[in-house]
Amino acid sequence: MSPTSPSLGRRLLRVVGRIVKWGAIGFALLLVCVAVYGRVLHAREAGRWKAPGQLLAVEPGRNMHMYCTGTGKPTVVLEAGLGDFSLSSWRSVQPQISAFTRVCSYDRAGTGWSDVSRAPLMPTAMVNDLHALLGAAGERPPFVLAGHSLGGPLVRHYAVHYPSEVAGLVLVDGSHEDQLTRINFPWWADYIYPVFRGVNFLRIDRVLGGLIAKDTVAQRSLALTSTTTAVNNTMTIGQSLPTFMAAVKKDARDFGDLPITALTAGRMGVVGMTPAQADTMQRAWNAMHQEIVARTTRGRWILAEKSQHYIQRDQPELVIDAVRVMVDSVRASTKE
49 MSPTSPSLGR RLLRVVGRIV KWGAIGFALL LVCVAVYGRV LHAREAGRWK APGQLLAVEP
109 GRNMHMYCTG TGKPTVVLEA GLGDFSLSSW RSVQPQISAF TRVCSYDRAG TGWSDVSRAP
169 LMPTAMVNDL HALLGAAGER PPFVLAGHSL GGPLVRHYAV HYPSEVAGLV LVDGSHEDQL
229 TRINFPWWAD YIYPVFRGVN FLRIDRVLGG LIAKDTVAQR SLALTSTTTA VNNTMTIGQS
289 LPTFMAAVKK DARDFGDLPI TALTAGRMGV VGMTPAQADT MQRAWNAMHQ EIVARTTRGR
349 WILAEKSQHY IQRDQPELVI DAVRVMVDSV RASTKE
């Protein structure tokens with residue numbers, strides 16, 4: 049070994065150390081740039097398409113979007129699922145519901161036309177946002193809350209925190225706080241959020257947007273659900289779902305005589321499952337929804353046999369009818 053080898057080795061280590069140091073700094077700066085770009089892009093996409101409803105202040109400097117149509121009491125409030133917002137989730141049913149009562153859909157913080165929030169993306173912060181937004185919009189209880197997917201536990205959480213404001217719940221294939229432990233999801237489920245990140249990075253929505261150019265509603269939905277901010281929100285909630293559901297479970301309770309209707313998708317099998325696995329999943333899913341309606345003396349369970357997860361798209365008439373029955377029940381009880 050030559051006498052210069054140790055000093056050469058030290059020099060190489062210093063060079064490598066500098067590369068690692070500056071590489072780490074560069075990566076951190078890149079993350080900051082991506083975050084800033086995401087905020088800018090979200091604002092640009094939201095500005096590109098005119099919001100159908102109102103942008104209302106829920107706190108100084110932060111606005112949220114709410115879209116209300118129709119007249120009459122009780123007001124129905126529509127809560128979208130994970131990764132969705134007002135336009136993408138409820139456009140198949142809101143016009144029909146507005147024919148018999150007032151109905152409002154809205155965008156949670158960082159989705160659709162709503163500004164991002166500094167609060168953690170956890171259920172209590174979300175229901176407090178909705179409460180503030182309803183107040184800012186001048187909407188008054190009683191409310192019938194309808195929640196799809198993750199919106200299911202959110203409307204239940206709202207009923208726990210603001211019980212005097214809620215006259216009924218309609219759960220549209222709502223999530224359950226124990227689903228992560230009671231259902232064996234396929235192997236690829238762990239990779240779905242990195243895929244979301246890749247789709248967002250490549251801006252695939254721009255390519256798909258050209259394929260649906262004739263449908264401006266679909267264009268708006270795709271653009272506003274695939275901004276960096278919206279995708280990051282989806283990934284953050286999705287990856288922290290155990291903590292999110294634990295918070296829902298911690299506050300879960302029986303609902304007394306509050307009317308609750310749960311609609312369950314009857315075709316729950318997903319890619320990668322055998323028929324036997326799909327059947328097992330369906331049975332578990334049915335049981336969890338039946339348990340939720342058992343928490344009230346006025347529970348109703350409906351199996352949407354022809355629907356996958358988005359019942360409001362596959363069988364919108366079931367959702368519309370469930371809401372109508374709930375509204376009629378609330379009206380009848382207020383006359384007594």
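If you count the sequence shown from 1, you need to add 48 to reach this note's numbering.
Backbone N, C-alpha and C fix where the C-beta goes; we use that ideal spot for every residue, glycine too.
From what residue to what residue does the beta strand (DSSP E) around residue i run?
i	result
residue 349	347-352
residue 312	308-313
residue 110	110-117
Looking at the unbroken alpha helix (DSSP H) that takes in residue i, where does it start and where does it end?
i	result
residue 339	323-341
residue 102	No alpha helix (DSSP H) contains residue 102, which is instead part of the beta strand (DSSP E) from 102-107.
residue 295	289-299
residue 361	359-362
Pick helix, strand or coil for residue i, following the three-state DSSP scheme.
i	result
residue 200	helix
residue 380	helix
residue 183	helix
residue 215	strand
residue 370	helix
residue 255	The pLDDT assigned to residue 255 is 40, lower than 50, so where the model puts this residue is not dependable; a value taken from the coordinates is nonetheless given after this. Reduced to three states, the DSSP call for residue 255 is helix.
residue 385	This structure leaves residue 385 out entirely; the chain is present only between 49 and 384.
residue 210	coil
residue 227	helix
residue 243	For residue 243, the predicted structure reports a pLDDT of 44, less than 50, and the residue's modelled location is therefore unreliable. A value from the coordinates is still provided. Correct three-state label for residue 243: helix.
Would you list the residues sitting across from residue i in a DSSP beta bridge?
i	result
residue 232	In the DSSP output, where bridge partners are listed per residue, residue 232 has none listed.
residue 220	196 and 311
residue 304	344
When every heavy atom of the ligand HEM is checked, does at least one fall within less than 7 Å of the C-beta of residue i?
i	result
residue 174	Absence of the ligand HEM from the depicted structure is noted, as is the absence of any ligand whatsoever, leaving it without description.
(message) Quick test of the definition: if touching needs 3 or more C-beta pairs under 8 Å, does the segment 289-303 touch the segment 329-338?
(response) no
(request) Please list the segments of the beta strand (DSSP E) lying wholly inside the segment 122-176, counting only runs of 3 or more residues, in order along the chain. (result) 123-127 and 151-154
(request) Examine the Cβ distances between the segment 97-117 and the segment 146-163 and report whether three or more of them are shorter than 8 Å. (result) yes
(message) For the pair the segment 135-143 and the segment 169-186, tell me if three or more CB-CB distances fall below 8 Å.
(response) No, because fewer than three Cβ pairs between the segment 135-143 and the segment 169-186 fall closer than 8 Å, the two stretches do not touch.
(request) Could you say if the segment 334-344 and the segment 352-367 meet the contact criterion of at least three C-beta pairs nearer than 8 Å? (result) no
(message) Measuring CB atoms only, is the segment 207-219 touching the segment 305-316, in the sense that at least three cross pairs come out at less than 8 Å?
(response) yes
(request) Give a yes or no on contact between the segment 181-194 and the segment 116-125, applying the rule of three or more CB pairs nearer than 8 Å. (result) yes
(message) Below 8 Å, how does it come out for the segment 127-135 and the segment 344-355: are there three or more Cβ pairs, yes or no?
(response) By the C-beta criterion, the segment 127-135 is judged not to be in contact with the segment 344-355, since fewer than 3 inter-stretch pairs fall below 8 Å.
(message) Would the segment 200-211 count as touching the segment 172-180 if we require 3 or more Cβ pairs under 8 Å?
(response) yes
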